[in-house]
Amino acid sequence: MKMADVSLKFETIRTAQAEGKIYLSKETIDVIKNKQIPKGDVITATEMAGILGAKKTPEILPFCHPILIDQAYVEVKLEEDGIYVKSFARGEKKH
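Numbers given in the numbering used here equal positions in the sequence shown, counted from 1, plus 9.
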């Protein structure tokens, strides 16, 4: 196995986005909505974990070239039947 040679590539702007929904029971949604989780606010923790995950991607994925992130955001919305999560990251590098 080997990592791809990117030495001859030009610098480009790279973007990535993803979205999904986590379906939850009514009881769980109520606990989150009323901020009754002992460890803190689930929505804020989810947004922070998502941004940290974007920054740490090269450490987690073996063949991912390290690209500095210029912008990243995670948007989390509590909905009637679950949590909707949308994420975005952008960086400029030749990797």
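Yeah, the Cβ is synthetic: ideal placement off N, Cα and C, and Gly gets one too.
Contact under 7 Å by Cβ, residue i with residue j
| i | j | result |
| --- | --- | --- |
| residue 60 | residue 40 | no |
| residue 85 | residue 55 | yes |
| residue 44 | residue 50 | yes |
| residue 96 | residue 27 | yes |
Selected residue, minimal CA-CA separation from residue i, among the options
| i | options | result |
| --- | --- | --- |
| residue 23 | 80, 85, 86, 95 | 80 |
| residue 31 | 52, 77, 72, 71 | 52 |
| residue 15 | 73, 56, 54, 45 | 73 |
| residue 87 | 75, 62, 63, 34 | 34 |
| residue 92 | 17, 29, 19 | 29 |
Straight-line gap, residue i to residue j (C-alpha atoms, nearest Å)
| i | j | result |
| --- | --- | --- |
| residue 37 | residue 98 | 29 Å |
| residue 77 | residue 94 | 23 Å |
| residue 63 | residue 11 | 23 Å |
| residue 18 | residue 69 | 23 Å |
| residue 21 | residue 71 | 22 Å |
| residue 100 | residue 89 | 34 Å |
Identity of the residues DSSP links to residue i by a beta bridge
| i | result |
| --- | --- |
| residue 25 | 98 |
| residue 11 | BP columns for residue 11 are empty, so no partner. |
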